[in-house]
Each structure stands twice: as C-alpha cells, then as structure tokens.
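Have a look at the structure below before the remarks.
Protein chains: 2
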Amino acid sequence: MKKKAIVLLSGGLDSAVALFFARDKDYVCHCLNFDYGQRHNIEMVMAKKLSAGAGTALKTMKLVLPWGGSSLLDKKSALPSGRKPEEIKKSGIPSTYVPARNTIFLGIAASYAEAIAADAIFIGAHSEDSSGYPDCRKAYLEAFDRVIRIGTKRGLEKRLSLEFPLIGMAKKDIIKLGKSLGVPFQHTWSCYRGGTIRRIAANMPCGKCDSCILREKGFREAGLNDPLARQTIWTM
Amino acid sequence: MKKKAIVLLSGGLDSAVALFFARDKDYVCHCLNFDYGQRHNIEMVMAKKLSAGAGTALKTMKLVLPWGGSSLLDKKSALPSGRKPEEIKKSGIPSTYVPARNTIFLGIAASYAEAIAADAIFIGAHSEDSSGYPDCRKAYLEAFDRVIRIGTKRGLEKRLSLEFPLIGMAKKDIIKLGKSLGVPFQHTWSCYRGGTIRRIAANMPCGKCDSCILREKGFREAGLNDPLARQTIWTM
Numbered sequence: 009m010k011k012k013a014i015v016l017l018s019g020g021l022d023s024a025v026a027l028f029f030a031r032d033k034d035y036v037c038h039c040l041n042f043d044y045g046q047r048h049n050i051e052m053v054m055a056k057k058l059s060a061g062a063g064t065a066l067k068t069m070k071l072v073l074p075w076g077g078s079s080l081l082d083k084k085s086a087l088p089s090g091r092k093p094e095e096i097k098k099s100g101i102p103s104t105y106v107p108a109r110n111t112i113f114l115g116i117a118a119s120y121a122e123a124i125a126a127d128a129i130f131i132g133a134h135s136e137d138s139s140g141y142p143d144c145r146k147a148y149l150e151a152f153d154r155v156i157r158i159g160t161k162r163g164l165e166k167r168l169s170l171e172f173p174l175i176g177m178a179k180k181d182i183i184k185l186g187k188s189l190g191v192p193f194q195h196t197w198s199c200y201r202g203g204t205i206r207r208i209a210a211n212m213p214c215g216k217c218d219s220c221i222l223r224e225k226g227f228r229e230a231g232l233n234d235p236l237a238r239q240t241i242w243t244m
Numbered sequence: 009m010k011k012k013a014i015v016l017l018s019g020g021l022d023s024a025v026a027l028f029f030a031r032d033k034d035y036v037c038h039c040l041n042f043d044y045g046q047r048h049n050i051e052m053v054m055a056k057k058l059s060a061g062a063g064t065a066l067k068t069m070k071l072v073l074p075w076g077g078s079s080l081l082d083k084k085s086a087l088p089s090g091r092k093p094e095e096i097k098k099s100g101i102p103s104t105y106v107p108a109r110n111t112i113f114l115g116i117a118a119s120y121a122e123a124i125a126a127d128a129i130f131i132g133a134h135s136e137d138s139s140g141y142p143d144c145r146k147a148y149l150e151a152f153d154r155v156i157r158i159g160t161k162r163g164l165e166k167r168l169s170l171e172f173p174l175i176g177m178a179k180k181d182i183i184k185l186g187k188s189l190g191v192p193f194q195h196t197w198s199c200y201r202g203g204t205i206r207r208i209a210a211n212m213p214c215g216k217c218d219s220c221i222l223r224e225k226g227f228r229e230a231g232l233n234d235p236l237a238r239q240t241i242w243t244m
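Chains as they are written, first to last, in my numbering: chain W, 9 to 244; chain G, 9 to 244.
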C-alpha cells in the first residue's frame, strides 16, 4: 500500500515544490491549505490549481487569529518594500512574520495525519534566501518533528514524521528542483501584496516586497524565467 | 510591570487549578478556551464561570476539525465506561484522545502569546492518574516548550516559555493544591458525557466515564468532597 502524506500547500513556490517532491517519492498526497485572513486570496486560488494539477486532494481550513500581529494579516500596516536580498537576510524577523503560524498549521496537519493514518507531513520551509522567520529554521522543524513523534499516536508507533526536504537549499536550487519535477510555476504566487485587479490582469506581482525580491533572485540565479512575469494569470 | 500568561482553560478541573496557580504566581492571566466540536458545551460554560470568578479575561476560539477521529468529538461512538483507574492507566491511548489536540491548542496559544507579549503559557496537563494521552506527557511538553522557545519571536528573546506545573502530580495532589488556592470545584466539569438536561438538573456527572472515575478517585484520595456531587449546577 502506498504511503500517505499531508502536504502544507500555501500556493507559494516552496510548498508547490514540496508537493511535487512528495509525489515524486510516491506518497499519496493530501494537501492542506489555510484561509487565515491573509491580505489576499490569490495564494489559495493557486493552491487549488496546484493540487488539481498534481491530481491530489486539497482541504482548506478556515482559521481566524483575532489577535493579528502581522503585516501579512493587517492590510493597514506597511509591508517591507524595496529591500535587497542581503538586507532581508540580515534584518531579523520582519513584520510579515505571522505569530506561530507554522506551529498552528503543523499541529492541525498532525491531527489530520492521525485521522487518515498518514506517514509523513511535508512542509516546504527553508531558511536560506528567506525572511528570517523563526518557524522556518531547521532547529525549529527538528523540534516540531519531535513533538509529532512523541505527542501523537502515529508518532509513538513510529509511523509519522515531519519532512522538510528543502530546508538547507538556496532558492535557486529549490527552483531548479521544482523545474525538474515539473512544478507549474505559473500556478505559484509569492507576492505578499497579492494583487489589485489591475496588477493581476497585467500579470504583475509587485516586484518590491521581500517575497518578490527573493523569488526574482532565485529565478535569476537558477538561470530560468519566471513564467509569472510573462503570462497572464487569467488564461491559466 | 506584572508578567502575563496565557492559560489553556478547558473548564475541567486540571486547567482550573493551573489558572489559579498562575494567578497565585502573580501573572495577569488571559484564558484561552476552544469550541472544537466537543460532545457537549458544559465545559465551556464552566470556563466562563471560572475565568469570571478569577477575574481574568477569556477568549474562546472556534475550531472545527473536520476529520474527527475521537469518541470525544463523535457523539455516535461509544465512550469507555466503567473502567477501573488501573485499567485506564494500563490500556494505552483511549478512544477519547483527540488527535494532536494539545499541539493545536498550544500553537494557537503561542500565537496569542506573541501578539499580547505574554511571558508564559500555562497548561494543566499531567500524566499521573490520567488517560494515557500522548500529548499530556512530560517529554511531549518539554518538546513543545522547545518549539516555543526557538520557533517564536518571544521565545527567541527568552521571554516565553511553556509552564506545566501539574505534570508530575497525582490527581489527589492536584485537588489539594486547587483547594489551597481556592479553586471553585463546583465550576469545573470533568465528565466526558457532559450531561443530558436530566443529568445536569439532577446534578450528576455520569460517574462511569474515565474522567469521572479519575476525578472520583482523586477526591476520595485527597479526603475531600466533590461539590459537584452534592450541589445543583443551576444554582451556581
């Protein structure tokens, strides 16, 4: 019988690569997506396209964190803009950090994993070329893996683990890996700003937020073109 | 300035003691309660009474786990009944285990803690005289403490930790501690069955589920009377 995996699928580039990676490792994947009051829902539209394209199930959980605490949740706060990759890396935890987001998402994924008797939970987190989120670092993911292994029934039976295959990779290598796995990058959305109708129609991520900057750097260093910069989303 | 704590308050006896313990340690307490599809809502009514009685804030988060996976969520499944305390302790993880419940609750508590700049998260979990839940054991709580310490901003600043003061205590000692702290036990509900109107009106927890059995043992061994067995809830 094939192994089962829960894959945290945000609709961003990294989680898309994690999904295709798990599928390539022969897991039957069950994607888990969260509607948690993000500034925009383009990511969620992308998660649907990605999971459908990969032939996997997708479950979206609605979860409102009434205390906010992040510029990714509060449309009135300013997003970091125009920072260089090295500035992003050096400047500590940015305002886009959503308090304990991965801990919440992984906890819910662990519950889902117990219920459907999954063997692994995949997360596309990495800390190279990223925004300094504490819940994307290797030590954190290792600690959470231990939580799952000793704090769930499946874990205690040695049947459940947390997998974070992208953790040590640079963005360019994640993109190259995704390319080799056939990830449809045109169905991944990284821009924090989401998009006004005008921007989406014109097919333009903002190009200035940290996430756009890091994506652009990744594609450039990988020597690949980002299809989002050239195709129109509406035709996908 | 006084320290702040998030207290997971289910409305059961243990979390009530944890709340009064934290308050006694001079924390300003912010209680967090979950409406997650329990079989009954008496616990939640009790959480309101307890937090009001303790003069603390209470936030209730609604969270539905669509996959269920527990006899505590599914009214159609049978609850363990009539088991002796030693049977409960020896029989492994019972059907009342809710997959990864504490991991989800603690993750959300960590997010709340970040947002209000809390110093600690209190949980009343313990593993003596309890139901063998993997997410109530010391090793699990220590692992989650590490997740919080390295996976949150407050944790990295060494300003947030998980506190589980009841972990090594027998139920009788938790009850004695609660008594000394002035916990209103008549406002705590342990019975898994909740109660039909008839049972509540007659002021009777079922007396047969694991939770009733362990509570009864605790009060008996502590040499105290359980007020729930004598008072009418409606008059509280």
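A virtual CB, placed ideally from N, CA and C, is assigned to each residue, including glycine.
Cβ pair residue i, residue j closer than 9 Å
{"i": "residue 73 (chain G)", "j": "residue 44 (chain G)", "result": "yes"}
{"i": "residue 49 (chain W)", "j": "residue 202 (chain W)", "result": "yes"}
{"i": "residue 132 (chain G)", "j": "residue 23 (chain G)", "result": "yes"}
{"i": "residue 56 (chain W)", "j": "residue 40 (chain W)", "result": "no"}
{"i": "residue 152 (chain G)", "j": "residue 196 (chain G)", "result": "no"}
{"i": "residue 218 (chain W)", "j": "residue 142 (chain W)", "result": "no"}
{"i": "residue 125 (chain G)", "j": "residue 13 (chain G)", "result": "no"}
{"i": "residue 118 (chain G)", "j": "residue 159 (chain G)", "result": "yes"}
{"i": "residue 230 (chain W)", "j": "residue 130 (chain W)", "result": "no"}
{"i": "residue 168 (chain W)", "j": "residue 149 (chain W)", "result": "no"}
{"i": "residue 92 (chain G)", "j": "residue 137 (chain G)", "result": "no"}
{"i": "residue 154 (chain W)", "j": "residue 154 (chain G)", "result": "yes"}
Simplified DSSP state of residue i, which is helix, strand or coil
{"i": "residue 32 (chain G)", "result": "helix"}
{"i": "residue 164 (chain W)", "result": "helix"}
{"i": "residue 256 (chain G)", "result": "Coverage of chain G is limited to positions 9 through 244, which leaves residue 256 (chain G) absent and any answer about it impossible."}
{"i": "residue 16 (chain W)", "result": "strand"}
{"i": "residue 218 (chain W)", "result": "helix"}
{"i": "residue 232 (chain G)", "result": "coil"}
{"i": "residue 43 (chain G)", "result": "strand"}
{"i": "residue 79 (chain G)", "result": "coil"}
{"i": "residue 89 (chain G)", "result": "strand"}
{"i": "residue 10 (chain W)", "result": "coil"}
Cβ neighbours of residue i in the same chain (closer than 6 Å, five flanking residues each side left out)
{"i": "residue 242 (chain W)", "result": "Residue confidence is low: residue 242 (chain W) scores 38 on pLDDT, short of 50, so the model does not pin down where it sits. No coordinate-derived value is stated."}
{"i": "residue 186 (chain G)", "result": "25"}
{"i": "residue 157 (chain W)", "result": "163"}
{"i": "residue 1 (chain G)", "result": "As shown, chain G starts at 9 and ends at 244. That puts residue 1 (chain G) outside it, with no answer to give."}
{"i": "residue 189 (chain W)", "result": "28 and 32"}
{"i": "residue 198 (chain G)", "result": "20, 21, 219 and 223"}
Nearest residue (CA-CA) to residue i, options the options
{"i": "residue 27 (chain W)", "options": "W:224, W:222, W:174 and W:147", "result": "W:174"}
{"i": "residue 35 (chain W)", "options": "W:52, W:63 and W:22", "result": "W:63"}
{"i": "residue 172 (chain G)", "options": "G:51, G:95, G:128 and G:75", "result": "G:128"}
{"i": "residue 192 (chain G)", "options": "G:19, G:97, G:11 and G:117", "result": "G:19"}
{"i": "residue 94 (chain G)", "options": "G:140, G:155 and G:52", "result": "G:140"}
{"i": "residue 71 (chain W)", "options": "W:115, W:53, W:98 and W:60", "result": "W:115"}
{"i": "residue 179 (chain G)", "options": "G:144, G:88, G:189 and G:222", "result": "G:222"}
{"i": "residue 69 (chain G)", "options": "G:194, G:52, G:85 and G:31", "result": "G:52"}
{"i": "residue 194 (chain W)", "options": "W:11, W:61, W:9 and W:38", "result": "W:61"}
{"i": "residue 38 (chain G)", "options": "G:227, G:144 and G:11", "result": "G:11"}
{"i": "residue 212 (chain W)", "options": "W:226, W:236 and W:227", "result": "W:236"}
N-terminal and C-terminal residue of the alpha helix (DSSP H) that residue i is part of
{"i": "residue 155 (chain G)", "result": "146 to 159"}
{"i": "residue 113 (chain G)", "result": "109 to 124"}
{"i": "residue 185 (chain G)", "result": "179 to 189"}
{"i": "residue 57 (chain W)", "result": "50 to 62"}
{"i": "residue 96 (chain G)", "result": "93 to 98"}
7 Å Cβ shell around residue i - same chain, five flanking residues per side excluded
{"i": "residue 80 (chain W)", "result": "46, 47, 104, 106 and 200"}
{"i": "residue 113 (chain W)", "result": "16 and 42"}
{"i": "residue 90 (chain G)", "result": "216"}
{"i": "residue 238 (chain W)", "result": "Note on residue 238 (chain W): pLDDT 49, under 50, position unreliable in the model; no value is reported."}
{"i": "residue 161 (chain W)", "result": "122"}
Residues near residue i by beta carbon distance below 8 Å, same chain, minus five either side
{"i": "residue 224 (chain G)", "result": "215 and 234"}
{"i": "residue 232 (chain W)", "result": "183, 184 and 187"}
{"i": "residue 146 (chain W)", "result": "135, 172, 175 and 176"}
Continuous beta strand (DSSP E) stretch holding residue i: start and end
{"i": "residue 70 (chain G)", "result": "65 to 70"}
{"i": "residue 169 (chain W)", "result": "169 to 171"}
{"i": "residue 129 (chain W)", "result": "128 to 130"}
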